[in-house]
Amino acid sequence: MSERGAPGWRLWPSRWVAPGVEVACMGDPRTDIAEWDSVWLDARLATLDPAVAGELGVIEDGAIGVRDGRITWVGRRRALPGQLPDTVDVHECGNAWLTPGLIDCHTHLVYGGERAAEFGMRLEGASYEAIARAGGGILSTVRATRESSGDELLAAARDRLRPLLREGVTTIEIKSGYGLDTETESRMLRVARQIGQLDPVTVSTSFLGAHALPPEYAGRADAYIDLVCEEMLPAVAGEGLADCVDAFCERIAFSPEQTARVFDRAIELDLPVRLHADQLSDGGGAALAARYNALSADHVEYAAEAGIVALARAGTVAVLLPGAFYFLRETRVPPVARFRHHGVPMALASDHNPGSSPARSLVLMINMGCVLFGLTPAEAIAGVTRNAARALGLDGRSGPPAGVLAAGARADFVLWPIDAPVELAYGIGGLAATRVVRGGIAAGAADT
Ligand code: DI6
Ligand code: FE
Numbered sequence: 000m001s002e003r004g005a006p007g008w009r010l011w012p013s014r015w016v017a018p019g020v021e022v023a024c025m026g027d028p029r030t031d032i033a034e035w036d037s038v039w040l041d042a043r044l045a046t047l048d049p050a051v052a053g054e055l056g057v058i059e060d061g062a063i064g065v066r067d068g069r070i071t072w073v074g075r076r077r078a079l080p081g082q083l084p085d086t087v088d089v090h091e092c093g094n095a096w097l098t099p100g101l102i103d104c105h106t107h108l109v110y111g112g113e114r115a116a117e118f119g120m121r122l123e124g125a126s127y128e129a130i131a132r133a134g135g136g137i138l139s140t141v142r143a144t145r146e147s148s149g150d151e152l153l154a155a156a157r158d159r160l161r162p163l164l165r166e167g168v169t170t171i172e173i174k175s176g177y178g179l180d181t182e183t184e185s186r187m188l189r190v191a192r193q194i195g196q197l198d199p200v201t202v203s204t205s206f207l208g209a210h211a212l213p214p215e216y217a218g219r220a221d222a223y224i225d226l227v228c229e230e231m232l233p234a235v236a237g238e239g240l241a242d243c244v245d246a247f248c249e250r251i252a253f254s255p256e257q258t259a260r261v262f263d264r265a266i267e268l269d270l271p272v273r274l275h276a277d278q279l280s281d282g283g284g285a286a287l288a289a290r291y292n293a294l295s296a297d298h299v300e301y302a303a304e305a306g307i308v309a310l311a312r313a314g315t316v317a318v319l320l321p322g323a324f325y326f327l328r329e330t331r332v333p334p335v336a337r338f339r340h341h342g343v344p345m346a347l348a349s350d351h352n353p354g355s356s357p358a359r360s361l362v363l364m365i366n367m368g369c370v371l372f373g374l375t376p377a378e379a380i381a382g383v384t385r386n387a388a389r390a391l392g393l394d395g396r397s398g399p400p401a402g403v404l405a406a407g408a409r410a411d412f413v414l415w416p417i418d419a420p421v422e423l424a425y426g427i428g429g430l431a432a433t434r435v436v437r438g439g440i441a442a443g444a445a446d447t
């Protein structure tokens, strides 16, 4: 018999729970029902909590107690720990499906300008790489971003965010990477932080200075990496603008050696890393990410077996980005079966950016993850909740976890107008949440 604390067991706030064991309720006994702020009743909960049986951890006739922006109790309604006092705000859900708030764990939401003309060129036969090499692509967005004020960047990004909020996104990662100088990279990240203050969404930021080589450093990539390491990274870290450090390791971007220099500096500054890895070619990016215990390796269409094994060992999340795969008409699908085989957690994200994925729907990514990449609906739903949280380090390693309905987690959840979870994967666009709750507060229509 397993011993408490043995591999596979985990410490829950109030007790030890064995893997796969069904639990009728979980709560923190220190929080009395009399102290709850609100309760959500008569819901079908897809908890995504591994401690609850089934891939989605479903609890029928469920209830969620909330206090101070956190979930304080999850379980069957009939197991509520006492009489609900009059002071509790009661929400009847009418047997609706309820999931954790969605998490878009990879976006480039803040940028100036648009790239529709470039899309037109691609439709006439130009390749993404050829456009990038000719000074278009990312660099055209860099020019437009450098010319944009913080207010302009903010207004455009908030506009792009709106449809994501309507479909239940409560946490979003936003990268820099279109400034490529200290001032503009910092401006982008400040705008990302502002979004988290103005909109009902938690923002996690990634510094992506090593996204492309700016024109003033043409032919001097190592000198640019010096700038990233010696000036940009200390500046953004010093101002608390970055939660993580990302890089684009690719033959049209930076080499594994250059990427490693950026990561070494990030680790010196106590920042976790993630990587755009093996998107267009196998450059050993997945293995490199694993070597640095990266939170995530993203794209990974070309990840080789050794890289996949390394990701599994490091516990690094593979973030799959079907929007970019679709929009660039890529043909190489990520090695989903190998990730599954080795137990690499998989997340899904929009990769919203103006060049390779102008997607403004994470629910559509659930559909694409299933149709294009062969994920099961449960894997895809875990990919935009529990595993997306893990890709952002929001799985409870510091602060309350996101992406699960469990006692102690953030009270971020979504009510859906669906009869079964598979409907989250079924439609091709058009599914809006019935209700979005973030930090225990239900967003009003005015917020979205
Ligand atoms: N990979 C991507 O998908 C985006 N950046 C990256 O490193 C594309 C960015 C763009 O084309 O503007
Ligand atoms: Fe990206």
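FYI, the numbering for the sequence shown is 0 to 447, going by numbering that gives the first Met the number 0. Idealized CB from N, CA, C, for every residue including glycine. From a predicted model like this one, the values you see are computed outputs, not experimental measurements.
Quick check on residue i: buried or exposed, where buried means 16 or more other Cβ atoms within 10 Å of its Cβ?
| i | result |
| --- | --- |
| residue 340 | exposed |
| residue 84 | exposed |
| residue 204 | buried |
| residue 183 | buried |
| residue 166 | buried |
| residue 252 | buried |
| residue 2 | Only weak support is given to the placement of residue 2: the predicted model assigns it a pLDDT of 39, under 50, and the question is left unresolved by the model. |
| residue 394 | buried |
| residue 257 | buried |
| residue 115 | exposed |
| residue 21 | Only weak support exists for where residue 21 lies, its pLDDT of 46 falling under 50; the value from the coordinates is given anyway. With fewer than 16 Cβ atoms within 10 Å of its Cβ, residue 21 is classed as exposed. |
| residue 316 | buried |
| residue 329 | buried |
| residue 221 | exposed |
| residue 94 | exposed |
| residue 185 | buried |
| residue 300 | buried |
| residue 354 | buried |
| residue 449 | This structure cannot settle anything about residue 449, because the visible part of the chain is limited to 0 through 447. |
| residue 305 | exposed |
| residue 82 | exposed |
| residue 196 | exposed |
| residue 418 | exposed |
| residue 134 | exposed |
| residue 199 | buried |
Looking only at DSSP bridge pairs, what is residue i linked to?
| i | result |
| --- | --- |
| residue 246 | 209 |
| residue 64 | 38 and 72 |
| residue 202 | 171 |
| residue 345 | 317 |
| residue 421 | Beta-bridge pairing links residue 421 to no other residue. |
| residue 192 | Looking at the DSSP assignment, residue 192 forms no beta bridge with any residue, so it has no partner. |
| residue 413 | 98 and 435 |
| residue 352 | 356 |
| residue 44 | 58 and 97 |
| residue 106 | 351 |
I think residue i touches residue j, with their Cβ atoms under 8 Å apart; what is that distance to the nearest whole Å?
| i | j | result |
| --- | --- | --- |
| residue 58 | residue 38 | That belief does not hold up - the Cβ atoms of residue 58 and residue 38 are roughly 14 Å apart, past 8 Å. |
| residue 371 | residue 325 | 6 Å |
| residue 88 | residue 31 | That belief does not hold up - the Cβ atoms of residue 88 and residue 31 are roughly 16 Å apart, past 8 Å. |
| residue 428 | residue 367 | The Cβ separation is near 11 Å, so there is no contact. |
| residue 286 | residue 104 | The pair is not a contact, with the Cβ atoms about 21 Å apart (cut-off 8 Å). |
| residue 96 | residue 333 | Residue 96 to residue 333, Cβ: 28 Å. No contact. |
| residue 262 | residue 291 | 5 Å |
| residue 61 | residue 77 | Going by Cβ atoms, the distance from residue 61 to residue 77 rounds to 10 Å, so no, they are not a contact pair. |
| residue 101 | residue 403 | That belief does not hold up - the Cβ atoms of residue 101 and residue 403 are roughly 13 Å apart, past 8 Å. |
| residue 245 | residue 274 | 7 Å |
Over what stretch of residues does the alpha helix (DSSP H) that includes residue i continue unbroken?
| i | result |
| --- | --- |
| residue 149 | 149-165 |
| residue 137 | 137-145 |
| residue 406 | Careful: residue 406 lies outside any alpha helix (DSSP H) and carries neither H nor E. |
| residue 261 | 255-267 |
| residue 121 | 115-122 |
| residue 235 | 232-237 |
| residue 128 | 127-132 |
| residue 369 | 361-370 |
| residue 282 | No alpha helix (DSSP H) contains residue 282, which DSSP labels as neither H nor E. |
| residue 223 | 220-226 |
| residue 56 | It is not in any alpha helix (DSSP H) - residue 56 carries neither H nor E in the DSSP assignment. |
| residue 442 | Note, residue 442: premise wrong, no alpha helix (DSSP H); not H, not E. |
| residue 382 | 376-382 |
| residue 386 | 385-390 |
Taking the beta strand (DSSP E) that residue i falls in, what are its first and last residues?
| i | result |
| --- | --- |
| residue 94 | 88-99 |
| residue 295 | 295-298 |
| residue 436 | 434-437 |
| residue 276 | 273-276 |
- request: Could you name the residues whose beta carbon sits closer than 6 Å to any heavy atom belonging to the ligand FE, keeping them in chain order?
  value: Every residue passing the under-6 Å Cβ criterion appears here: 105, 107, 275, 350 and 352.
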